[in-house]
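Quick note, the sequence shown lines up with residues 5 to 251 if you use my numbering. Cβ atoms here follow ideal geometry from the backbone N, Cα and C, with glycine treated the same way. Take a look at the structure set out below.
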Amino acid sequence: MSMTTDALVLKVNDTGESDRLVFLLTADYGVIRAFANRAKTSKSNMQAATQSLCYGEFNIYSGKDAYTINSASAKEVFFGLRQDIRLLALAQYFCALAYELIPEGEPAPDSLRIILNSLKLLENGRRSPDFLKPVTELKLLALAGFAPSLGGCGVCGKSPAGDVLFSAEDGVFCCRGCSRKGRLITPGVLTAMKHIVYSPVDRVYSFALSDADLKMLCITAESYLLHQTGKSFKTLDFYKSLQNEGD
Ligand SMILES: [Zn+2]
Numbered sequence: 005m006s007m008t009t010d011a012l013v014l015k016v017n018d019t020g021e022s023d024r025l026v027f028l029l030t031a032d033y034g035v036i037r038a039f040a041n042r043a044k045t046s047k048s049n050m051q052a053a054t055q056s057l058c059y060g061e062f063n064i065y066s067g068k069d070a071y072t073i074n075s076a077s078a079k080e081v082f083f084g085l086r087q088d089i090r091l092l093a094l095a096q097y098f099c100a101l102a103y104e105l106i107p108e109g110e111p112a113p114d115s116l117r118i119i120l121n122s123l124k125l126l127e128n129g130r131r132s133p134d135f136l137k138p139v140t141e142l143k144l145l146a147l148a149g150f151a152p153s154l155g156g157c158g159v160c161g162k163s164p165a166g167d168v169l170f171s172a173e174d175g176v177f178c179c180r181g182c183s184r185k186g187r188l189i190t191p192g193v194l195t196a197m198k199h200i201v202y203s204p205v206d207r208v209y210s211f212a213l214s215d216a217d218l219k220m221l222c223i224t225a226e227s228y229l230l231h232q233t234g235k236s237f238k239t240l241d242f243y244k245s246l247q248n249e250g251d
């Protein structure tokens, strides 16, 4: 069976002299692994379209044991991200998150849009890495069924006016009088988290935060992500090692 779908190349493994194994985030079938035979030969029209971070239209043959890419045409290659090691590192972390969080076989159009929009905003500089990182982490988690519970205090159910405690482990916030567990976050950070988790995909980037609150959101979202997935990410460690060098 052959299928045509829009997809982003998350990762590429070279297999043999001229072949590639390509990890794709597709709109219609989630994350799949597909072989791109002879993709590395110069005559192949697939050479450009099967590089990592390339977005395009893929025609894929679904065989008994494996997917094979029949043809691919690139729509967006994110050339700008390849020119800056920090932006590239963050982009690769987003791809690693997609690979981790999005299952095979289920449509994932919203997750694909989040990653693509984040990559575009990262490339054109309209939003900072510190803004895009927590937005992408929290929205991908929410789409994958790991949304934190932000409707009210986890103990009394109320929505207090001041700072609250957010537990990355439990995915809930509590009034300071109701619990001692978690990290203190400001009302601004809580509002931003609610916005990210509950907004439709196309509105998720429309909010603003002070630098201090953005920093707090970054720490909170990353901690939540690491707790919920129970994983470490080499791409995240690499991105953060570049941050530290620049400080
Ligand atoms: Zn409470």
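C-alpha distance - residue i paired with residue j, whole-angstrom precision
i	j	result
residue 56	residue 246	20 Å
residue 236	residue 173	15 Å
residue 41	residue 211	44 Å
residue 240	residue 86	17 Å
residue 77	residue 190	46 Å
residue 215	residue 180	24 Å
residue 119	residue 229	16 Å
residue 16	residue 52	12 Å
residue 19	residue 50	15 Å
residue 222	residue 209	14 Å
residue 175	residue 21	47 Å
residue 217	residue 238	26 Å
residue 54	residue 13	7 Å
residue 133	residue 162	33 Å
residue 91	residue 37	25 Å
residue 157	residue 203	20 Å
residue 88	residue 164	42 Å
residue 249	residue 99	23 Å
residue 207	residue 130	15 Å
Member of the options whose CA lies at the smallest distance from the CA of residue i
i	options	result
residue 183	196, 42, 192 and 167	167
residue 137	15, 39, 220 and 187	220
residue 125	28, 19 and 140	140
residue 160	177, 68 and 65	177
residue 68	6, 214 and 59	6
residue 231	150, 199 and 155	150
residue 244	39, 54, 31 and 93	93
residue 155	224, 111, 187 and 194	194
residue 59	199, 90, 95 and 89	95
residue 61	199, 11 and 218	11
residue 115	171, 202 and 31	31
residue 186	192, 201 and 170	170
residue 121	108, 226 and 135	135
residue 252	188, 204 and 225	Since the first residue of the chain shown is 5 and the last is 251, residue 252 is not available in this structure.
residue 117	97, 205, 107 and 157	205
residue 188	199, 207 and 227	227
Cβ-based neighbour list, residue i, same chain, cut-off 6 Å, excluding 5 preceding and 5 following
i	result
residue 8	63
residue 111	32
residue 113	31
residue 65	6, 72 and 74
residue 108	34, 35 and 36
is_contact[residue i, chain D] using C-beta, thresh 8 Å
i	result
residue 140	Protein chain content of the structure displayed is limited to a single chain, and chain D is not contained in it.
Same chain, Cβ closer than 7 Å to residue i, five either side skipped, listed in chain order
i	result
residue 242	93
residue 201	142, 146, 151, 152 and 154
residue 213	192, 196 and 221
residue 97	237, 239, 240 and 243
Sequence-distant residues of the same chain with beta carbon closer than 8 Å to residue i, five excluded per side
i	result
residue 23	39, 40, 41, 42, 43 and 44
Heavy atom of ligand 3 within 7 Å of residue i beta-carbon
i	result
residue 238	As for ligand 3, it is missing from this structure, which binds only ligand 1.
### Query
Taking contact to mean at least 3 C-beta pairs separated by less than 8 Å, is the region 71 to 78 in contact with the region 133 to 153?
Touching, no, given that fewer than three Cβ pairs across the two stretches are closer than 8 Å.
### Three or more C-beta pairs below 8 Å linking the region 114 to 131 and the region 80 to 90
These segments touch.
### Message
Considering only heavy atoms of ligand 1 and the C-beta of each residue, which residues fall inside 6 Å, strictly closer?
### Response
Ordered by chain, the residues meeting the criterion of a beta-carbon within less than 6 Å of a non-hydrogen atom of ligand 1 are 157, 159, 160, 162, 178, 179 and 182.
### Query
Taking contact to mean at least 3 C-beta pairs separated by less than 8 Å, is the region 14 to 32 in contact with the region 98 to 111?
Using a Cβ-Cβ distance cut-off of 8 Å, the region 14 to 32 and the region 98 to 111 are in contact, since at least three pairs of beta carbons, one from each stretch, lie closer than that value.
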